[in-house]
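Numbering-wise, our numbering puts 160 at position 21 of the sequence shown, and it's gapless, one number per residue.
In this text, a Cβ means the ideal position worked out from N, Cα and C, and glycines have one as well.
Since we're looking at a predicted model, the values are computed, not measured.
Have a look at the structure below before the remarks.
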Amino acid sequence: GGSLVPVKQDDAQACLAPLLKKEDGLVDWFKSAEQLSCLIRGLDPWPSAFTTLAGKRLRLFSPEIVADNSCQSNVTEPG
Numbered sequence: 140g141g142s143l144v145p146v147k148q149d150d151a152q153a154c155l156a157p158l159l160k161k162e163d164g165l166v167d168w169f170k171s172a173e174q175l176s177c178l179i180r181g182l183d184p185w186p187s188a189f190t191t192l193a194g195k196r197l198r199l200f201s202p203e204i205v206a207d208n209s210c211q212s213n214v215t216e217p218g
């Protein structure tokens with residue numbers, strides 16, 4: 140293996156991330172699976188990722204990305 144060489148951070152160039160708000164946890168289902176996975180893991184334990192289903196709030200945690208072909212749809216063409 141390689142070795143790491145520590146580099147002192149230039150405090151003059153450092154910045155703080157904005158504070159998270161509860162509403163930052165609302166999941167946008169139009170994002171990719173990878174983006175959603177990162178969001179859900181990054182917001183655990185607070186403010187936690189969430190969505191709503193039938194008017195109820197659901198907290199999301201421990202995402203797992205599965206291959207496209209692992210979810211079979213029961214949707215068929217009309218007729």
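Looking at the DSSP output, A188 shares a beta bridge with L199. Here the alpha carbons of S187 and R198 stand approximately 7 Å from one another. Just measuring C-alpha positions, the residue of T190, V146, L155 sitting nearest K161 is T190. The C-alpha of I204 lies about 24 Å from the C-alpha of K195. With respect to L155, V166 sits apart: the two C-beta atoms are not nearer than 8 Å.
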